Every structure is written in C-alpha cells, then in structure tokens.
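Worksheet: the structure to be examined is printed underneath.
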Amino acid sequence: MREHYFLTMLQSLSCDSIDKYTQTMICLETTVLCHLLNNASRQLIHTDFTSIFSIYEKKIINDNSYIKLNQKEFKLIFSNITLYDFSQSRDIKNYISRITEICNEYINTLSIHSILDLFTSLIEENRPPTQKHYTPHEIVTFMGNIIQAQKGESFFDPACGSGEFISEIIKNQVAISGSEYDVDRLKISKMKMLVNDLSPSNISPSYFTEGHNLKKNFDIILSNPPFSLKIPFDMEMHFCMYGKPPTSNADFAFLQYCIFMLKDNGRAAIILPDGILFREGKEYEIRKKIIKNNHISAIIYLPKGMFKTTAIATNIIVFKKKQKTNDILMINVRKKNNLNVNLL
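If you want it as structure tokens, here you go:
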C-alpha cells in the first residue's frame, strides 16, 4: 500500500532534539494539516511557521466544504507543530520542513483515513506498556454489527480513545459525539472528525460530564473504557442512579453513565473486564439493581488474547435504556480464535 510506504518515508526522518514518540505525533499533525491545506501547504516549507493559522484561515475562509476551526481548537489539534515551530532549534525546523516536503509530494495520492488508522496503531505501539489502550479492528467491527447504526441516529463514545469506534460508525452517517481525557488520543479523534468534515468540537476533553455540557441523549453508545480507572473522590456523579461505585474502580461508573446517556429507546455495547460480573461490596449492589431494572440484553465473553497489552479477561455488555424482557443472552466465545457476526 502507498500509505505504508508514505509512513515508512516519514519514519526514516529523524530529529535528535525530539523523542521518537513526539516525532510520530509531529508527522501525524503535519500530514493532516497538509491534507487540509492542500496546495497551500507549500507555504509552510522553509518559513518560521508563525503564520500557520493565518495560512489555514486564508485557505478555508471562502470554502464552505471545510469545517472552520477557531484558533483554540486549531492549537489543540496541531499543538506539537505550533509548539515546535516557534523553537529556535534549526534541527527541529529542518525536520518539520522535510516532513512537509514529503507530505506535499504524496498527500493527494493517499487515503487520509488509512493514514490516520496507521498512525493510530503506530502511536499506541510507541507508548509505555502501562499506557497502551487500543481497540482491535476485529472487535470494533463486531460491535458495530451488534448495534446496527442507522442513518440519522446519534452516537456517543464516552471514552473514545483514538477514535476507533468513530472510524467504524462514521460510514453510517450518524451524528457523532465523544469524550477523551488523554490529550494525544483526543487530538487523533478530533482529526478523524475533521477529515470527515465533521465538527471536532463534538469531542470533549474529559470523561463523564466534566468539562462539557452534553444536554442530549443518544441512540447509540459504543465504547471501550480504560479498565479499572480510578475515580476522583470528589467527582460529582449524578448519573450513578444505582449507586456510587468505589473510587478505586470506574467500571460501574462508565456502565451507569452509558445507561444515563441513552435515549429511552437507545442501545449500547461496551467492553468491560470480567470483574464487573462478580466483584462484591458496592459493585454487587449496583449490579443487582442494573439487572433488576432490565437493562442488560446480552453478555459476550470475548476470546483470550484479543487485547495484546493485557491478560485481563474481557466481555461485551450489550444493553438498552429500557426493555420489557428480563432475559439476558449469554454468549461464550472465549475459546474461539476470532469474532464474526455469525456468533450472534
């Protein structure tokens, strides 16, 4: 694939003044910026880069086919470029100029969506083991088939990471919203919105309701929240209608938040560790109330090894805001080698 070759060319460049992870982020940001600017991106080469936003503004001001970013959003999405472009280091300036030259030569022949997916995988690989969090494409597709999004529906991912579910659901022409705490993953999700002519402001920089004002509910929720995330002890959790979970573990906070954010006829599927099914104490009481109120439609035990960075056993909880039946379908594919829609 040309996209793989393009990525290899960018990776062959180096800059001793910046660590490898940041180099990859700069390559990604420059690639997306050159895609947006098209021919105007040639103005970025061998300049002091102080006018990046001005170049962007001039390009899109009379073009209604582009989502128009304000300066704050622009600086967030392209923060590494705007940070290092003001550097006095000739090494860094030359490095970014070389990236821009390669982007200008190849960008019009490439799929920006494929490039974003490749960069997403590469960036996660370069993270420390304890910080890796990525949903394999096989699981994303499988969960998309479970939910069956319809054109015109609204979608929300409360822990959207690098936008794996956004990439899957976007083809269904739904209204997309999300939130993500990690800055680099947040930026990648916003980029995926941007290159699809969708407003990146719909992706908020936090989990739960902190930092954004979502005043609507959603038809669909798909998510893979961080496993066993700790909750700040003073966090307001009005959405925990069945009880506040222990601060040491946010699994039931995410599950209750998803129930809370669904429309009355909404449906959802989220990935959670198996511990949510049997832990005692407060979580037992919350689990009992969720089951009693007929939210859970199915529990799918995922095959071992689906997540390369953890040995934790995982499952998909499929649920609705409201349903009449109290039946829960149990599907155990733990010994399977892969997932497919015929399992449903």
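For the sequence shown, counting from 1, position 4 maps to 4 in full-length UniProt numbering; every step adds exactly one.
For glycine and all other residues, C-beta sits at the position ideal for the given N, C-alpha and C.
Here the structure is a predicted model, which is why all the values come from computation and not from measurement.
List the DSSP bridge partners of residue i.
i    : result
F74  : The partner list for F74 (beta bridge, DSSP) is empty, contrary to what the question assumes.
S199 : The partner list for S199 (beta bridge, DSSP) is empty, contrary to what the question assumes.
N332 : Y301
L262 : F218
P225 : Answer is none; P225 lacks a bridge partner.
P273 : T314
A268 : I221 and F319
F208 : In DSSP, F208 forms no bridge with anything.
F156 : S177 and I221
I231 : DSSP lists no partner for I231.
I296 : F319
Determine, using beta carbons only, whether residue i and residue j come nearer to each other than 8 Å.
i    : j    : result
E285 : G243 : yes
E24  : I123 : The sequence as given places Thr at residue 24; Glu does not occur at that position. Yes, Cβ-Cβ distance for T24 and I123 is below 8 Å.
A298 : I147 : no
E3   : I115 : yes
D264 : K322 : yes
D197 : G178 : no
C258 : S201 : no
C34  : C103 : yes
S199 : I61  : no
N172 : K190 : no
Residues in the same chain with beta-carbon distance under 6 Å from residue i, minus the five sequence neighbours each way, listed in chain order, please.
i    : result
N249 : S228
D251 : L272 and I276
I316 : A269, I271 and I300
Y134 : E124
L7   : L118
L37  : K59
S17  : S89, D91 and I92
N294 : Q323 and N326
I296 : F319 and I328
N332 : Y301
F307 : none
Closer than 8 Å by C-beta to residue i: which residues in its own chain qualify, once you throw out the five before and the five after it? Chain order, please.
i    : result
Q80  : Here residue 80 is Asn; the residue named in the question, Gln, does not match the sequence. Closer than 8 Å at Cβ, skipping near neighbours: T22, M25, I26 and E29.
Y5   : none
T309 : P129, K132, H133 and Y134
M241 : Q256, I259 and F260
Q71  : F53
E57  : none
Our contact map puts residue i next to residue j with C-beta atoms below 8 Å; I'd like the distance itself, whole angstroms only.
i           : j    : result
H113        : V195 : 7 Å
I96         : T31  : That belief does not hold up - the Cβ atoms of I96 and T31 are roughly 12 Å apart, past 8 Å.
A149        : F142 : Incorrect: roughly 14 Å between the Cβ atoms, too far for contact.
P245        : K282 : 6 Å
G266        : N217 : 7 Å
Q256        : F239 : 6 Å
A159        : P225 : 4 Å
L76         : K230 : So it is not a contact: roughly 25 Å between Cβ atoms.
E138        : L10  : With 8 Å as the limit, E138 and L10 do not qualify as a contact, their Cβ atoms being about 27 Å apart.
residue 347 : N126 : An answer regarding residue 347 cannot be provided, because it is not within the stretch 1 to 344 covered by the chain.
Tell me which residues share the same chain as residue i and place their Cβ nearer than 7 Å to its Cβ, disregarding the 5 neighbours each side in the sequence.
i           : result
G211        : With a pLDDT of 44 at G211, under the threshold of 50, the modelled position of this residue cannot be trusted, and the question is left open.
D274        : A313, T314 and N315
V140        : E164, F165 and E168
E153        : V174, D219 and I220
S54         : none
L13         : Y95, R98 and I99
K336        : P303
residue 386 : It is not possible to answer for residue 386, since the shown part of the chain is limited to 1 through 344.
K192        : L116, G163, I166 and S167
T82         : I52 and K75
Would you mind listing the alpha helix (DSSP H) stretches within the segment 88–150 that are 4+ residues and don't spill past its ends, in chain order? 90–106, 112–125 and 137–147
Enumerated in chain order, which unbroken segments of the beta strand (DSSP E) with a length of 3 residues or greater are wholly contained in the segment 167–193? 175–179
Write down every uninterrupted run of the alpha helix (DSSP H) in the segment 7–45 whose length is 4 residues or greater and which is fully enclosed by it, in chain order. 20–37
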